[in-house]
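In this text, residue positions in the sequence shown follow this note's numbering: the first is 331, and each later residue adds one.
Working notes for the structure below.
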Amino acid sequence: MKHYESTYLPHQKLIVTHLSGDLDDTDIKNWQLALTQVFEQLPDNAQFKILVNLHGFKATDFNVHKQFRVIIPRLLANYGWYIGYLRLFPETELTIRSDRNIHCVAAAHVHHDETKITKYATYYRMHNEGFFTDPQAARNWLDSIAISD
331 MKHYESTYLP HQKLIVTHLS GDLDDTDIKN WQLALTQVFE QLPDNAQFKI LVNLHGFKAT
391 DFNVHKQFRV IIPRLLANYG WYIGYLRLFP ETELTIRSDR NIHCVAAAHV HHDETKITKY
451 ATYYRMHNEG FFTDPQAARN WLDSIAISD
């Protein structure tokens with residue numbers, strides 16, 4: 331079953347985005363638009379955490395996968411964040427900046443592929459970036475990271 335949504339939880343300073351099911355080009359475009367609108371809700375000078383939950387997500391074809399895979403890295407680069415696993419792709423060019431002085435301070439990535447997540451966790455995990463197969467474990471980990479006011 332297709333599912334995609336993005337939400338900002340202001341009291342937790344947390345953005346949650348979730349994709350699951352077989353998603354096509356239109357689904358990814360709609361998800362990207364909704365996610366961009368969530369980022370527009372952030373107040374100037376804010377700090378936030380993000381939960382990127384891809385558990386059960388599958389692109390319907392390789393072109394959709396290529397379209398999808400750049401959205402989160404490019405979006406987070408606008409808020410001072412470089413995703414660790416991008417070191418796998420040295421050809422990736424991103425400009426890290428801080429739109430409206432907003433900063434991402436922690437990120438949790440969830441995916442159902444245990445082999446991939448184990449590799450990412452082994453090589454790219456940091457104190458403020460984690461990789462998980464269990465969405466609740468990812469949420470608990472993010473909740474343990476405090477953001478000062």
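Just so it is clear, CB atoms sit at the ideal spot from N, CA and C, and this is done for glycine as well.
Computed from a predicted structure; not experimentally measured.
> What does DSSP give as the partner residues of residue 379 in its beta bridges?
Replying inline: 344 and 436
> Does the stretch 389-400 come close enough to the stretch 433-447 that 3 or more CB-CB pairs lie under 8 Å?
Replying inline: No, the stretch 433-447 is not in contact with the stretch 389-400.
> For residue 370, which of helix, strand or coil comes out of DSSP?
Replying inline: Residue 370: helix per DSSP, three-state reduction.
>> Between the alpha carbons of residue 352 and residue 334, how many angstroms are there, rounded?
In response: 10 Å
>> Please tell me whether residue 365 and residue 405 are closer than 8 Å, where the distance is taken between their beta carbons.
In response: Result yes, Cβ atoms of residue 365 and residue 405 sit closer than 8 Å.
>> Quick check on DSSP: helix, strand or coil for residue 396?
In response: helix
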